[in-house]
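Engineer: Residue numbers (the working numbering): 4 to 122.
Even for Gly, the Cβ is constructed at its ideal location relative to N, Cα and C.
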């Protein structure tokens with residue numbers, strides 16, 4: 004997966020405006036940070052962390068609803084999210100995992116094709 008966005012950090016110099024203070028965040032530092040492998044590792048970490056967080060929130064909401072089903076009247080506690088929002092988080096997790104899986108599969112095929120042509 005290649006990053007095709009324009010690097011706007013240098014645009015300020017061309018327009019006479021000061022360059023923005025914001026710098027793109029990277030988990031990996033040093034010379035290897037802009038390699039395709041490093042970018043995929045960073046993407047994987049971010050997506051996996053997002054999936055993990057979504058699933059924790061969704062699970063917590065499901066558990067709260069289950070506890071409420073057994074709770075005495077007046078002792079129920081509202082879950083953090085409603086049923087629809089909880090379902091949306093689960094669907095987001097599934098979609099993110101599917102996209103990450105597809106990208107990993109694409110990269111594996113690319114490496115296998117490269118190895119096959121190199122021999």
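With H, G and I counted as helix, E and B as strand and the rest as coil, what does DSSP make of residue 4?
Structural biologist: Looking up residue 4 in the chain shown gives position 1. Any reading at residue 4 needs caution, since the residue's pLDDT is 47, under 50, leaving its predicted position unreliable; the model's value is listed next. Three-state DSSP puts residue 4 in coil, outside helix and strand.
Engineer: For the 8 Å Cβ check, are there 3 or more pairs between the stretch 55-74 and the stretch 85-100?
Structural biologist: yes
Engineer: Residue 131: buried (16+ other C-beta within 10 angstroms of its C-beta) or exposed?
Structural biologist: With the chain running from 4 to 122 in the structure shown, residue 131 is simply not present.
Engineer: For residue 93, which residues of its own chain have a beta-carbon under 6 Å away from its beta-carbon, when the five flanking residues on both sides are left out?
Structural biologist: By one-based count along the chain shown, residue 93 stands at place 90. Counting only Cβ-Cβ distances below 6 Å, and skipping sequence neighbours, we find 61.
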